[in-house]
Structures are given as C-alpha cells and as structure tokens.
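Residue numbers (the UniProt record's numbering): 1 to 108. Backbone N, C-alpha and C fix where the C-beta goes; we use that ideal spot for every residue, glycine too. None of these values were measured; they are calculated from a predicted model. Let me begin by presenting the structure, written as structure tokens, before commenting on it.
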C-alpha cells in the first residue's frame with residue numbers, strides 16, 4: 001500500500017461514519033469536519049462546486065457520494081500506470097504527483 005493510500009483509507013472510514021451519523025452534531029459542524037478530511041482529488045472536486053450549491057450537510061453528502069461512488073465503477077486497470085512518464089523539462093516531483101493521482105484511480 002502506498003503512503004498516499006494509507007492516508008486516504010482511514011479518512012474514508014471516518015468520512016463514512018460522519019456522513020451516516022446525523023445525531024452527533026449539527027450541519028455546520030459536520031460540513032466543516034468533512035472539509036478537513038478531504039485529500040486530492042476530493043479537494044479539487046470540492047473547489048469546482050458552484051458557489052451556493054451547498055446549503056446543508058445532506059447536499060454535500062449526496063453530491064460527494066454520487067460523484068465518487070460513480071468513479072469507483074470507472075476505476076482504471078493497473079496497467080494504465082505504465083503510460084505515465086516523466087515529461088520533458090518537468091521535475092520528478094511533478095511526475096510523482098501525477099503518478100500518485102493516477103494510482104488513486106486504479107482498481108486494486
């Protein structure tokens with residue numbers, strides 16, 4: 001398991017608990033707690049949501065689950081990682097960022 005995946009897996013478990021447990025706290029607290037748990041590419045997804053499109057925790061829950069649950073069925077095959085190469089005049093850091101993002105999309 002990659003370091004990125006080992007950081008993501010526990011956070012997904014905590015996010016699932018938070019999404020399902022509506023009695024612990026109010027919407028505002030749950031929304032803020034949810035945002036703290038986001039990692040790439042979920043942060044990128046959140047940042048492109050239209051302003052004002054979230055008015056309750058249920059809104060973000062539905063949008064998050066519909067977007068990322070759908071992505072699970074479209075997971076890439078591990079062989080797709082072979083096509084990721086270091087680009088000319090780009091740093092190894094750039095390559096590793098792209099590789100790690102692609103790795104999160106691979107069906108394991």
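Please determine, among 89, 88, 90, 76, the residue with the shortest C-alpha to C-alpha distance to residue 101. For residue 101, the nearest C-alpha among the options comes from 76.
Applying the criterion that 16 or more other CB atoms from any shown protein chain within 10 Å of the CB defines a buried residue, is residue 1 buried or exposed? Bear in mind that the predicted position of residue 1 carries a pLDDT of just 47, short of 50, making it unreliable; the figure below should be weighed with that in mind. Flag for residue 1 reads exposed.
Look at the Cβ atom of residue 27, then the Cβ atom of residue 57, and state whether they are nearer than 8 angstroms. The Cβ atoms of residue 27 and residue 57 sit closer than 8 angstroms to each other.
So who's on the other strand from residue 106, going by DSSP bridges? Note: residue 106 sits in a beta bridge opposite 76.
Using the Cα positions of residue 99 and residue 69, report the straight-line distance between them to the nearest angstrom. One C-alpha to the other measures close to 22 angstroms.
Would you tell me roughly how many angstroms separate the C-alpha atoms of residue 23 and residue 97, rounded to the nearest one? Note that residue 23 scores 49 on pLDDT, short of 50, meaning its location in the model is unreliable; the coordinates nonetheless yield the value given after this. About 38 angstroms.
Buried or exposed for residue 87, going by 16 or more other Cβ atoms inside 10 Å? The residue in question, residue 87, is exposed, as its Cβ has fewer than 16 Cβ neighbours within 10 Å.
So, is residue 92 buried or exposed, given that buried needs 16 or more other C-beta atoms within 10 angstroms? Its Cβ having fewer than 16 others within 10 Å, residue 92 is exposed.
Opening and closing residue of the alpha helix (DSSP H) in which residue 109 lies: Examination of residue 109 is not possible in this model, given that the chain is present from 1 through 108 alone.
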